[in-house]
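Written out below as structure tokens is the structure these notes cover.
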């Protein structure tokens, strides 16, 4: 069975899943939105999420939520929350987060 060619994400013309992911994650505010949704005890309203992100502009938040919803990482159901795929992404980023903390504290 041949692998399906992934749809490119804006700015990623290779169609390679990792490049599409890096493109999406590298957009301003994307990781912050994911981080705030992961920390929340439940779904967040648009206003709550915007406030948690430091009052970023509503147009940028709208765009990021649209992109993350299209990527199936966020869902809007009685507020915004991570999908199971979004939660898995956060789990996969945990070792990188730990590495970054160590790197930041490294005197070498």
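In the UniProt record's numbering, the protein residues as written are 1 to 108. Ideal Cβ placement from N, Cα and C applies to all residues, glycine included.
Considering only the beta carbon of each residue, do residue 41 and residue 77 sit closer than 8 Å?
no
Where the alpha helix (DSSP H) through residue 65 begins and ends
58 to 70
CA-to-CA distance, residue 50 to residue 56, given in whole angstroms
6 Å
Between the CA atoms of residue 27 and residue 15 - distance to the nearest angstrom
17 Å
Check this for me: beta carbons of residue 53 and residue 70, under 8 Å apart or not?
no
Express the C-alpha separation of residue 105 and residue 83 in angstroms, rounding to a whole number.
32 Å
Strictly by DSSP, which residues pair up with residue 82?
74
Per DSSP, the bridge partner or partners of residue 31
Paired residue(s): none; residue 31 is not in a bridge.
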